[in-house]
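Enquirer:
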Amino acid sequence: MTPLLRSAARAALVLLGFTIVGTGVLAYTYDITRPAITRNEDAARLKLISETLVPGSYDNNPLHDALLLPPHQLLGTTLPSHVWRARKAGAPVALVLEATAPDGYSGNINMLVGIGADGRIIGVRVVSHKETPGLGDYIDIAKSAWIHIFDGKALDNPASGGWKVKKDGGQFDYMAGATITPRAVVKAVHHALEYEAAHRKELYAPAPHPESTPGA
1 MTPLLRSAAR AALVLLGFTI VGTGVLAYTY DITRPAITRN EDAARLKLIS
51 ETLVPGSYDN NPLHDALLLP PHQLLGTTLP SHVWRARKAG APVALVLEAT
101 APDGYSGNIN MLVGIGADGR IIGVRVVSHK ETPGLGDYID IAKSAWIHIF
151 DGKALDNPAS GGWKVKKDGG QFDYMAGATI TPRAVVKAVH HALEYEAAHR
201 KELYAPAPHP ESTPGA
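Numbering (the UniProt record's numbering), first residue to last: 1 to 216.
1. Determine the direct distance from the alpha carbon of A89 to that of Y58, and round the result to whole angstroms.
2. For H148, count neighbouring Cβ atoms within 10 angstroms of its own Cβ and tell me buried if that reaches 16, exposed if not.
3. State yes or no: is the C-beta of T52 within less than 9 Å of the C-beta of G76?
4. Determine the direct distance from the alpha carbon of P71 to that of F150, and round the result to whole angstroms.
5. At what residues does the alpha helix (DSSP H) containing P182 begin and finish?
6. Three-state secondary structure (DSSP) at A205?
7. What ranges does the beta strand (DSSP E) occupy inside the segment 57 to 126, keeping only unbroken runs of at least 3 residues that lie completely in it?
8. Straight-line CA distance for N110 to K167?
9. Classify A188 as buried or exposed, calling it buried when 16 or more other Cβ atoms lie within 10 Å of its own Cβ.
10. Just grab the DSSP bridge partners of V165 for me.
11. Enumerate in chain order the residues of its own chain whose CB-to-CB distance from Y204 is below 7 Å, with the five nearest sequence positions on each side excluded.
12. Under three-state DSSP, which class holds S160?
13. Are the Cβ atoms of H129 and D140 separated by less than 9 Å?
14. With DSSP as the reference, identify every bridge partner of A154, one or two as the case may be.
15. Just to confirm before moving on: does the CB-CB distance between Y113 and A192 stay below 9 Å?
16. List the residues that DSSP assigns as beta-bridge partners of S144.
17. Taking the C-alpha atoms as reference points, what is the distance between I163 and V127?
18. Using 10 angstroms around the beta-carbon of P62, count the other beta-carbons present and answer buried if the total reaches 16, otherwise exposed.
19. Out of curiosity, what's the CA-to-CA distance linking E98 and V83?
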């Protein structure tokens, strides 16, 4: 082997050694930080879920009472999504559905929709969106109270024809100059109510395993 080849081989071995050590350090760091990351993610998720429920109305941890739902047109989902169940002494109290408005001005508007066992909305929260800053801000609870417009609503309140923005002949207010965003959110919330009504029995059924998928 020529000196040049020996030098190249040594360099390759050194590089391989650094790669192995670096990979090991990253794996070790991931292993020791993963529990903390998971706890933080769960805490953030539980905080959002709790904002769509009535405080003190349930005594379980909804994160531990969840189903993984198949994609459904009424939920606006193209991937599996979650439903979290709230119970009091084992009795159904509410559901929190992941729903998506696929027809926002700038794409998907992802939401949580909390629906009580009586079929009425407890709370809606927008989790993420790409709407135009300023025009789309008012669907964000941190910037506007508009999202509370859904509190207490149900499939029959208003009647089906009322589940539109006022510009379209419905009963929901919207900000002047920004119709597409509220129109998409109103329709998505209405569809979530329709989904809950059509699947109520299976949604409230005890899950044999966490995040199990209901049968077809």
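Quick reminder that beta carbons are idealized off the backbone N, C-alpha and C, glycines included. Please read these numbers as outputs of a predicted model, since none were measured by experiment.
Expert: A quick look at the data gives this:
1. CA-to-CA, the gap between Y58 and A89 works out to about 8 Å.
2. Within 10 angstroms of the beta-carbon of H148 lie fewer than 16 other beta-carbons, which makes it exposed.
3. No, they are not a contact pair.
4. Take the alpha-carbon of F150 and the one of P71: they are about 24 Å apart.
5. Its alpha helix (DSSP H) spans residues 180 to 198.
6. It is coil, neither helix nor strand.
7. If you keep only unbroken beta strand (DSSP E) runs of at least 3 residues inside the segment 57 to 126, you get 66 to 69, 81 to 88, 91 to 104, 107 to 116.
8. For N110 and K167, the distance between alpha carbons rounds to 23 Å.
9. With 16 or more other Cβ atoms within 10 Å, it is buried.
10. Residue pairing by DSSP places V165 opposite F172 in a beta bridge.
11. Spatial neighbours of Y204 in its own chain (CB-CB distance under 7 Å, excluding positions within 5 residues in sequence) are listed in chain order as R85, P92.
12. Shown here, S160 sits in a helix according to DSSP, grouped into three states.
13. Yes, the Cβ-Cβ distance between H129 and D140 is below 9 Å.
14. According to DSSP, A154 bridges with N157.
15. Looking at the sequence shown, residue 113 is not Tyr but Val. Closer than 9 Å, so yes.
16. According to the DSSP secondary-structure assignment, S144 is paired through a beta bridge with no residue.
17. The question names Ile, yet the displayed sequence has Trp at residue 163. The alpha-carbon of W163 is positioned some 21 Å away from that of V127.
18. P62 should be labelled buried.
19. Rounded to whole angstroms, the separation of the alpha carbons of V83 and E98 is 6 Å.
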